[in-house]
Each structure stands twice: as structure tokens, then as C-alpha cells.
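In what follows, a single structure is set out as C-alpha cells and then discussed.
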Amino acid sequence: MIKTFASDNYAGAHPDVMQAIINANVGHAAAYGADDYTTSAINKFKALLGDDIEVHFAYNGTGANVLGLASLTNAYNSIICSDLAHINVDESTAPEKFTGCKLVTVPTKNGKIYPEQIEEKIIRIDDQHHPQVKVISISQSTEYGTVYTIDEIKAISAVAKKNNLYLHMDGSRIANAAVSLQAEIKAITRDAGVDVLSFGGTKNGMLFGEAVVFFNTSVAKNFKYIRKQSMQLHSKMRFISAQFDALLTNNLWKKNATHANKMAQILKRRLQEIPGVTITQSVDANGIFALLPPAIIAKLQAVHYFYVWNEKTSEVRLMCAFDTTEEQVNAFADVALKLATQDTGL
């Protein structure tokens, strides 16, 4: 069974990243981030996003999200997010457990949430009987593979500022979003009003590791204690840092994301040729959501595994990665076309 399209988490590490780990595996280096590899990686983040930021590394995406949110909140606060947000759907109860906050969800049909929806959830301010909203959290790209425009992010940031809230961005696929928008990451984060960013590495060619980037550094003062308490402080930090150093060298982050997005567009075109298949969302980044004929799903999964997003509607999710090939895309589409044609009798 081939698992190319199940998730970009299924992909291995980019060869340049693996080589960076090997290069870092020489001799001894100071622990907990007091090493030259970490200094170099942070400097590259600053070159990309601005000199006056703070950058801290974590093991995984859930850790980065929880750490960022915990830095912005107290246990009596609430966090507004999409009902499809990773922090709401796929991070178990980690956000609630480690922040103590209530997640207040906004229904979405395309993964995005909008200012008027957010404002409806900002209620009962200064009421001791009600959780006090403190953060708006958005995903870029979204769980539906769509991408917020710069203006859309600025509009949400304006709501946050007007109501004395923070804006957090889950950027597990931030590179794919930037490529989709043909914009620099700084333009769709810091310049658009984001306070804290979870910068994804794992889904874009790293073996493991994510970064928590503080544009609003005033909220980072207790971060080191929160990270340690949350068991996300890596002792041999150089092996996360070396990966980010490689990812941020010669625009590798952009090359990987560009390729993944390109493969998604090719797959989209091929799927549109198949009878009974409907693309349900705008293919902005590296994910395709589609309705497949129910009869072919299990047969297709047996050859090319992928996830069913909505069992009731037979909507599936197909993810492309930095190492997805055009040959793999065509092989998947050929099998899908054959099965769909047999199913419909065409």
C-alpha cells in the first residue's frame, strides 16, 4: 500500500535536512539551546522575519501551539478559533489541559473565520461568571487547505486590537500559504498583525521540530518556564536547530512548499477529469478535498492510502508533500479513474 497522499506528515526528511543533522552530530555542544547551531538558526529566523523577534524551538506542532497560547493567556481566558481548527479537533485536550482555557469555536465551511463571526463571540466582557476571551487563533493554511489573504488577516487583527485581544497563528503549513500568496512569510504574519506564530517545520521537510515565534515579545517573558513545564525543552537542541538552519538556507522552505503546492494543482486537474468526483474546496496550498464515489474509496485506499475527511458525504483529504512526484500523482489519478469508470459503467 502506497501512502503518498495520506499526509505531508508521512513524508521523510529532505536530504539537506538530514545532512544538517549529520553535520551537527560531531563532538559535544552545549545543551538546551546554548549552542552555535541554535544561534545560527535564530539569526536566520530574524533575517526572514525581523531582528526584534524572539524564537524558541519545540518538538512538535501541538507543543508549539500550546506553548504559544499559554504565553498569551491565563486559565480564566478563552480562545476563539474555527470549529475545524487543529487545536480544537486534532490536539486532543492538550490546549485546554495546559492553558486551562475554554476553546470557543466558530463554524466554518471553508476553514476560515471572519471578523463578524469573531465579534459575535466576544461577549460578557468583565463578567466574572464567563470566560474572558483573550486570543483569536487562526490556521494558515487552514485545515481545509484554504489560505487567508493578507487583507483577511489584517481584518482579523483589527478586531483583535479593537478588543484588546491577541492574534495567534497556527502555521504548521505557513510555507505553503506564503508560496500560494506569492508573499514573504513576514508579510502574512508580522506585517499583518500576528502576535505569535507557530512556524511549521515537520510538514515541510524536517524530521521533527517546530518554532514559536514572538512578534509581540512582551508576552514572551515567561516562555522558558512554560516550555520546561510543558516538557517541550529539548536538551540536545542543536538537532532541531540544525534542521531549521537548513530549511532557512537558500530558500529551501520555499522550494519544498512550491513543489508540494504544484503537485496539488496537478492532482486537482487530474481529479477533475474523473466522473463522479467533485473538488469541494479551493486548492490554495498542498491539500485537496474532494467528494469521491463511495464505492471506490476503500478500493482506492487499498492501493494509495488517504484519509476520509467526512464519512457521511464521502469527502476525502489528499495531501501532497515536498517529495511527492508527478508520477505518483498520475498513478493515483489513473487508478481512481479506472475505478470510477468501472463504478459508473462509462
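Quick note, this note's numbering runs 775 ahead of the 1-based positions in the sequence shown. Backbone N, C-alpha and C fix where the C-beta goes; we use that ideal spot for every residue, glycine too.
Check, Outcome
"Are Pro890 and Asn852 touching if we call contact CB-CB under 9 Å?", "no"
"So does Phe1097 have its beta carbon nearer than 8 Å to some heavy atom of the ligand FAD?", "The model depicted lacks the ligand FAD and carries no ligand whatsoever."
"Just to confirm, are Pro1068 and Ala1021 a CB contact at a threshold of 9 Å?", "no"
"Along the chain, where does the alpha helix (DSSP H) containing Lys1029 start, and where does it finish?", "Leu1027 to Leu1046"
"For the segment 1062-1114, which segments carrying the beta strand (DSSP E) assignment without a break, of at least 3 residues, lie completely within its bounds, in sequence order?", "1062-1066, 1082-1085 and 1090-1094"
"Please classify Ile854: does DSSP put it in a helix, a strand, or coil?", "strand"
"On the DSSP bridge assignment, give the partners of Thr880 in chain order.", "Cys856"
"Taking the CB atoms as reference points, tell me whether Met944 and Val971 lie closer together than 9 Å.", "yes"
"State buried or exposed for Met900, treating a residue as buried only when at least 16 other CB atoms are found within 10 Å of its CB.", "Residue 900 is actually Ile in this sequence, not Met. Ile900 is exposed by the Cβ-count criterion."
"Here's a check: name, in chain order, each residue in its chain whose Cβ is nearer than 7 Å to the Cβ of Asn1036, leaving out the five neighbours to either side.", "Asn951, Val954, Ser955, Ala1060 and Asn1061"
"Let me know the secondary structure DSSP gives Tyr785 once reduced to three states.", "coil"
"On the DSSP letters alone, give me the boundaries of the beta strand (DSSP E) that Lys909 sits inside.", "Gln907 to Ser914"
"Looking at Asn840: is its Cβ nearer than 9 Å to the Cβ of Glu866?", "yes"
"Comparing C-alpha positions only, which one of Phe780, Asn835 and Glu959 sits nearest to Leu982?", "Asn835"
"Within the continuous beta strand (DSSP E) that includes Asp945, where are the two ends?", "Tyr941 to Gly946"
"So, is His803 buried or exposed, given that buried needs 16 or more other C-beta atoms within 10 angstroms?", "exposed"
"Per the contact definition of three or more C-beta pairs closer than 8 Å, is the segment 871-883 in contact with the segment 956-968?", "no"
"For His1079, collect the residues of the same chain with a Cβ closer than 7 Å to its Cβ; drop the 5 residues on either side in sequence, then sort them by chain order.", "Ile777, Thr779, Phe780, Phe1107 and Val1110"
"Relative to the alpha-carbon of Arg948, which residue among Gln1117, Asn784 and Lys1113 has its alpha-carbon at the smallest distance?", "Asn784"
"Counting only the same chain and skipping the five closest in sequence on each side, list residues whose C-beta sits under 7 Å from that of Val792.", "Gly980, Met981, Leu982, Gln1018, Ala1021 and Leu1022"
"Quick check: the Cα distance between Gly946 and Phe820, rounded to an integer number of angstroms?", "14 Å"
"Answer yes or no: do Gly920 and Phe1064 have a C-beta to C-beta separation smaller than 9 Å?", "yes"
"Out of curiosity, what's the CA-to-CA distance linking Tyr1082 and Thr1055?", "15 Å"
"Pull the bridge partners of Glu1150 from the DSSP assignment, please.", "A query on residue 1150 cannot be resolved here, the shown segment of the chain reaching from 776 to 1121 and no further."
"Are the Cβ atoms of Thr977 and His1034 separated by less than 9 Å?", "no"
"Using 8 Å for Cβ pairs, my map puts Val987 next to His831. What's the rounded Cβ distance?", "5 Å"
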